[in-house]
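Number of protein chains: 2
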Amino acid sequence: MVFVRVGHDIAGAGGGRLTEEQDIVYLAMPDRFTPPRAIPLPEAPAFRETVPMGPERLFRFSAATWNAHRIHYDLDYAQRVEKYPALIVHGPMQAMLLMEAAMRHAGGVPARFRFRGVHPYVPRCRSVADGRGDSRWYDPVQRCAGRPSGDAGGNRVGGMSGLLHGMRVVEGSAFVAIPLAGMTLAQIGAEVIRVDRPGGGLDAARWPVTAAGQSLFWAGMNKGKKSIAIDLTTERGQELMAELVTAPGEEAGLYLTNLPIRGMAYASLAARRPDLVMVTLAGDRHGGPQVDYTVNPAVGFPVATGAEGSDAPTAHVLPAWDCIAGNLAATALLAAERRRLRTGAGDHVKLALKDVAAAMLGHLGIIGEVAVNGVDRPKYGNALYGAYGQDFACADGGRIMVIGLTSRQWRVLLKATETEAAIAALEARIGESLKPEAARFRHRAAITELLAPWFAARSAAEAGAALQAAGATWGPFRSFAQALAEDPDLSPDNPMFRMLDQPGIGAYPVPASPLACAGAGRPDPRPAPLLGQHSEEILADVLRLPAGAIGALFDDGVVAGR
Amino acid sequence: MVFVRVGHDIAGAGGGRLTEEQDIVYLAMPDRFTPPRAIPLPEAPAFRETVPMGPERLFRFSAATWNAHRIHYDLDYAQRVEKYPALIVHGPMQAMLLMEAAMRHAGGVPARFRFRGVHPYVPRCRSVADGRGDSRWYDPVQRCAGRPSGDAGGNRVGGMSGLLHGMRVVEGSAFVAIPLAGMTLAQIGAEVIRVDRPGGGLDAARWPVTAAGQSLFWAGMNKGKKSIAIDLTTERGQELMAELVTAPGEEAGLYLTNLPIRGMAYASLAARRPDLVMVTLAGDRHGGPQVDYTVNPAVGFPVATGAEGSDAPTAHVLPAWDCIAGNLAATALLAAERRRLRTGAGDHVKLALKDVAAAMLGHLGIIGEVAVNGVDRPKYGNALYGAYGQDFACADGGRIMVIGLTSRQWRVLLKATETEAAIAALEARIGESLKPEAARFRHRAAITELLAPWFAARSAAEAGAALQAAGATWGPFRSFAQALAEDPDLSPDNPMFRMLDQPGIGAYPVPASPLACAGAGRPDPRPAPLLGQHSEEILADVLRLPAGAIGALFDDGVVAGR
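Sequences listed follow chains A and B, in order. Counting the first sequence from 1 gives a position; our numbering is that position plus 316. Counting the second sequence from 1 gives a position; our numbering is that position plus 316.
Printed below as a string of structure tokens:
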């Protein structure tokens, strides 16, 4: 930090004299923007003047004062290099505007003028001067600037704040997909505020739960978020949530939801903030109440899953469509925010769980298989469709999955299982090369017969070690508990995991994001909030409500804390 | 379009006279940037001068000429409002620089100077003047400006270009996850260039395939992309791909990959373009060759899937982990690009398929269930874990899945199946309310027994109609072919689908993105490219190679067309 005092003494030939003393403070280039402390306004200003503060005015002042410092006209530079959230108003322009306001209201030319710029001024859209009748004037206030997020509360990673540091998302959600979308963003640095009703949302008790009834699912889906509990049956509660969703600032105005909350329709929110980005997940495109477990049988997977020849449809345990839709919703939010940054336009992105499944059916070629080939795929057990992949029983009852999809995988598999000669003999017998992957699928039963003795002669551990040494593509079948007990990839040996104490539950291995960034790092996982844990903080810091108003909201039950 | 001719006649008291005639063309505000046609350079310029062209120079020229037009100093405005890709160099500055260059090289003061600006000049980093010895000078050329994407070739939506219009991604990939990531971005407007080797990549023949051997899978995973075929075993091919990945422009420098292609390591690419954003998917965190079908058994799902009491592990048919990882990779690319825009820093984001599965095990609460509760979840058939959800056989052999997870779903289910009284009697008998979802899971067998007769007395169609009328959450079990035949959501009745002719395959229903945007629209689905279909176009438009050099690359087999 360097202080420089500059003195000007201006006197004309025909008299008149102006003495100016200016103290300039030079700061080191920051790593990120630190928001200034808000300075209280006078309770009842005698006047208020609003001055349009657009980039043209900033340019003209720069041009008039021949000041090429880019923080005044080059937003990209101001944000990237000097880490300001917006263009900066010139200190001398603030002084000039305040002095002019003082002259208009106090009358006459001031004998003396004192001005102190206590923080960089980033008005974004307009500048407000408040004054009092006693001839004292105050610093303008940041009316439209949002507060850069992510610094308050919670555990932080060693120096790494994640890719989305400085983005704030509001989430009105329950269950899997949208909570997963929000958490995916939270785990790479976004400030994600989940809004629930006091007492908890629809998923507050979703299984698995602990013996004491705490939801392990909820804790898993809401890691690193902030929680505010609002009574959304009240008008004041709905108003609060709408304010939260449409709070100003380039980093805000982002809303993820799968719930039809009163007052939170896109049209009414966009009336408050036209550049709102809202992502809405529905069950189906008609607005019907579909969930993962009903969409999956409807698009056909359970009928194609299970033992060859069986006619029992088998539903999946992993809510795969929810997981896919949640990740797609996160992509949608980022893509729409990217467009907003370039065009200024908000958007309402709608997706339906069933459409996600229907589209994937097309992406995977299954629609083409039915429509073009006329094939209705039957169950193939655990075989890999269209190439070679099969599960084998080992001597100790363990099972192993092996894959021979690419030429390399196939070659390595035969080498590891010492079946090269037997397979060559099979090729000679059937008069067909097994190099094309489709041939391996057609002849999979014969191949499996040749490979099975190798597995049957070994324990799963021995077979796995040999496959691993050969560089084969393989995996053991395990229960969840076996996986946790045996696999270092599912433990804090994997840098993705941390032993974390989740309040109300205890300590267990908790995953961070699977995304590890060389530059932005991988933020450590943070616990899920307690319900309403951040209610007061959010009302104060995001909505900027004074303490009295916050107290009244709690007293009236509109908002609940933890 | 308006033409304005402005005349200046400047004469001093002491003689000297300058006549200037200026024609100004005013164009309507465009919807998007249309790149100008490249104008050929003189073959052998007599001189070349490079002028740094940064925002300070643009600001100073604006200030000197008192020109507040924001396209010269306000990047955000230039991009959002007037749709330029970058700041615009003042026409008079170009004229001035060219005239000065002419004076330096021709000697003396020109008697006459003629200049025609044929398109907006967006140099980004430097301005190059080429000149010839015969005293003619040429328009500067866009040396560093990338070409805004998405306008060339393919079907376009009615007026809607998608959220990611103007982003270019290069993809070096095969199989599911990364191709899906690229396609997800392509379907919402990004220009995605997939690089394959001549003859096709590892997934060129992936099933399902048509009778003629065309891969329906490949067509599904590469919709709307551009294809270039490069022989990556050659140094020239590797050099071409590295140039493609690191091509200049804010919209470029984005690379998605799951393949270890020689010369495409992050470090060597970042040496060419330090702000490269690269997303790399591996099998596991150790770099091992895991695929969806080996990760899934290793983390435990197949052992928990299938009929209650059975000990046969059941693998999924949907490659769920690939689908989740692909969507997460798309999120990662957008998040890293967002950070690059704000900080100027590129990044290398790494994820592993197995980590994606391991993290999801944590997100869903399953790790906590093992570690905290000591529970190893067994198979529960098609039952919804932790609440009520079950499949039922109908009179005609059809099956239906119903869900009673929320209170509303449970209430509606009992009403629709006329079992309210029977359930009330059950509650009395067991002395326990079934209102808590966990109670419904514990007593699911008794509940199922009471609901089963209602289904057994109806055809699946009758039961479905009654459930639908009541607003229940339900779904039929269908094969893929049944789903296509019966469900309008899987047909062009759904605006997500179009009947599309895929070259080499034929016409069938093809899905667009599940993301429907009120503002940015939903681009119609576009066919997958033929291999190498865009090789020439990409070499000319992205790498800006002259025709002769492109011809040589084809002749030498470094590049292949369709």
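Where a beta carbon is used, it is the ideal one built from N, C-alpha and C, also for glycine.
Report, in whole angstroms, the separation of the C-beta atoms of residue i and residue j, which I expect to be a contact under 8 angstroms.
i                      : j                      : result
residue 343 of chain B : residue 317 of chain B : 6 angstroms
residue 795 of chain A : residue 616 of chain B : 6 angstroms
residue 710 of chain A : residue 776 of chain A : 4 angstroms
residue 861 of chain B : residue 652 of chain A : Rounded, the Cβ-Cβ distance is 35 angstroms, inconsistent with contact.
residue 490 of chain B : residue 574 of chain B : 7 angstroms
residue 590 of chain A : residue 662 of chain A : 6 angstroms
residue 523 of chain A : residue 754 of chain B : 7 angstroms
residue 705 of chain A : residue 393 of chain B : That pair is no contact at about 55 angstroms.
Give the range of the beta strand (DSSP E) segment to which residue i is assigned.
i                      : result
residue 854 of chain A : Element bounds for residue 854 of chain A: not the beta strand (DSSP E) but the alpha helix (DSSP H), 851 to 857.
residue 322 of chain B : 318 to 328
residue 508 of chain B : 507 to 512
residue 596 of chain A : 593 to 598
residue 707 of chain B : 704 to 709
residue 663 of chain A : 663 to 668
Applying the criterion that 16 or more other CB atoms from any shown protein chain within 10 Å of the CB defines a buried residue, is residue i buried or exposed?
i                      : result
residue 435 of chain B : exposed
residue 883 of chain B : Missing from the structure shown is residue 883 of chain B; chain B here goes from 317 to 878 and no further.
residue 811 of chain B : exposed
residue 736 of chain B : exposed
residue 656 of chain A : buried
residue 477 of chain A : buried
residue 555 of chain A : exposed
residue 461 of chain A : Residue placement at residue 461 of chain A cannot be trusted, given a pLDDT of 24 that sits under 50; the coordinates are not used to answer.
residue 858 of chain B : buried
residue 878 of chain B : exposed
residue 503 of chain A : buried
residue 466 of chain A : Reliability of the predicted coordinates at residue 466 of chain A is poor, the pLDDT of 28 falling under 50, and no value is obtained from them.
residue 319 of chain A : exposed
residue 703 of chain B : buried
residue 638 of chain B : buried
Do we get a CB-CB distance below 9 angstroms when we pair residue i with the residues of chain E?
i                      : result
residue 671 of chain B : Here chain E cannot be found, since the structure's protein chains are A and B.
Which residues bound the alpha helix (DSSP H) around residue i?
i                      : result
residue 496 of chain B : 493 to 502
residue 384 of chain B : Run containing residue 384 of chain B: none; DSSP gives neither H nor E here.
residue 726 of chain B : 723 to 732
residue 573 of chain B : Here residue 573 of chain B belongs to no alpha helix (DSSP H); instead the beta strand (DSSP E) covers 570 to 573.
residue 555 of chain B : 551 to 561
residue 425 of chain B : Per DSSP, residue 425 of chain B belongs to no alpha helix (DSSP H) and is neither H nor E.
residue 769 of chain A : 760 to 772
residue 715 of chain A : From DSSP, residue 715 of chain A is part of no alpha helix (DSSP H) but of the beta strand (DSSP E) over 715 to 720.
residue 389 of chain B : Neither: residue 389 of chain B is in no alpha helix (DSSP H) and is coded neither H nor E.
residue 613 of chain B : 608 to 615
residue 834 of chain A : Counting along the chain, residue 834 of chain A falls outside any alpha helix (DSSP H), and DSSP gives it neither H nor E.
residue 638 of chain B : 636 to 659
To which residues does DSSP link residue i through a beta bridge?
i                      : result
residue 309 of chain B : Outside the shown range of chain B (317 to 878) lies residue 309 of chain B, about which nothing can therefore be said.
residue 543 of chain B : B/510
residue 816 of chain B : B/824
residue 487 of chain B : B/510 and B/572
residue 873 of chain B : Answer is none; residue 873 of chain B lacks a bridge partner.
residue 789 of chain A : A/719
residue 333 of chain B : B/327
residue 603 of chain A : The partner list for residue 603 of chain A (beta bridge, DSSP) is empty, contrary to what the question assumes.
residue 531 of chain B : B/525
Apart from the five residues just before and just after residue i, which ones in its own chain have a Cβ nearer than 7 angstroms to its Cβ?
i                      : result
residue 398 of chain A : 345 and 387
residue 881 of chain A : Here chain A comprises residues numbered 317 to 878, so residue 881 of chain A is not present and cannot be evaluated.
residue 876 of chain B : 514, 545, 848 and 851
Report all residues from its chain with a CB closer than 8 angstroms to the CB of residue i; omit the five preceding and five following residues, and keep chain order.
i                      : result
residue 378 of chain B : 384, 385, 388, 389 and 406
residue 381 of chain B : 406 and 408
residue 725 of chain A : 719, 788 and 789
Between which residues of its own chain and residue i is the CB-CB distance below 6 angstroms, once the five residues before and five after are set aside?
i                      : result
residue 868 of chain B : none
residue 471 of chain B : Low local confidence applies: a pLDDT of 29 at residue 471 of chain B is under 50, so the model's placement there is unreliable, with the coordinate-based value given in what follows. Only 840 and 842 meet the Cβ criterion.
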